[in-house]
Every structure is written in structure tokens, then in C-alpha cells.
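Student: Just passing along the structure, written as C-alpha cells.
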Amino acid sequence: MAPKGYPAEFGRRVIDLVDAGRPVAAVAAELGISGQSIYTWRRQARIDAGVEPGMRTAEHAELVALRKRVRELETELAIHRRATELLKGDGDPKGGTRRSE
Numbered sequence: 552m553a554p555k556g557y558p559a560e561f562g563r564r565v566i567d568l569v570d571a572g573r574p575v576a577a578v579a580a581e582l583g584i585s586g587q588s589i590y591t592w593r594r595q596a597r598i599d600a601g602v603e604p605g606m607r608t609a610e611h612a613e614l615v616a617l618r619k620r621v622r623e624l625e626t627e628l629a630i631h632r633r634a635t636e637l638l639k640g641d642g643d644p645k646g647g648t649r650r651s652e
């Protein structure tokens, strides 16, 4: 819920202050954060609670992890394809192609 620079617990406590009736501007000034951050955290908390449509925090974390894994697998596949080319003798280890004479 809270951005990378702040712990999630901090974001939850800020939202609790706003939900208790404190003005966003006052909480932001007191804590030295932007009001927009508070609005963003509050909206994400509402999404996580199922009140508003959107991507939940857990779903976003899973999506990020899956995208990272896909990149890793694509890199591994490229390495294996290159190794196969080299073992067949079709490629030059420096990246070029060999000419048959």
C-alpha cells in the first residue's frame, strides 16, 4: 500500500489518521509527506478492501514477480539457443556467423 520509500505499516497508520477525521493536508504537513501520497494510499486501501475496482496490492506484487520470472526464462532460453548454435558449429563464438569455404 505504501510506496517503496515508506513501510506499509506507516501507510496504514496515516490512513487511520485520515479515516479518524483528520484533514489530509494537516496529516501531510505534520508528517512531512505529500497529500497526494495519502490520497494514493487511501485509494489503494479501498481497492485492497474491495470497495473500489482496481488491482490489489497482492495481485500487483504477483504480477511483478511473474514478469521478472518471464524475463529470466527468456534470458535462459536465449542462452540455450546460442549454445545449441555453437555446438552444432553454425555460429561463431564471437557472435558472427561462419562461412563455409
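Going by the working numbering, the first residue of the sequence shown is number 552, and it counts up by one from there. Just so it is clear, CB atoms sit at the ideal spot from N, CA and C, and this is done for glycine as well.
1) Applying the 10 Å Cβ sphere with the 16-neighbour rule, what's the burial state of Thr635?
2) Straight-line CA distance for Arg653 to Arg618?
3) Gly562: buried (16+ other C-beta within 10 angstroms of its C-beta) or exposed?
4) Express the C-alpha separation of Glu623 and Ala559 in angstroms, rounding to a whole number.
5) Looking at the structure shown, is Tyr534 part of a helix, part of a strand, or coil, going by DSSP?
6) What is the DSSP secondary structure of Pro574, reduced to helix, strand or coil?
7) How about the stretch 586-596 and the stretch 563-577: do they share at least three Cβ pairs that are nearer than 8 Å?
Tutor: Answer, in terms of the structure:
1) Here the question's residue 635 lines up with position 84 in the sequence shown. Counting Cβ neighbours within 10 Å, Thr635 comes out exposed, since fewer than 16 surround it.
2) Residue 653 lies beyond the residue range present for the chain, which begins at 552 and ends at 652; the question has no answer from this structure.
3) Locating residue 562 in the sequence shown gives position 11, where the first residue counts as 1. Buried, by the Cβ-count rule.
4) Mapped onto the sequence shown, residue 559 falls at position 8. Mapped onto the sequence shown, residue 623 falls at position 72. Rounded to whole angstroms, Ala559 to Glu623 spans 28 Å at the Cα level.
5) For the chain, the structure presents residues 552 to 652; residue 534 sits outside this window and is missing.
6) Start at 1 with the first residue of the sequence shown, and residue 574 comes out as number 23. DSSP places Pro574 in coil when its eight states are reduced to three.
7) yes
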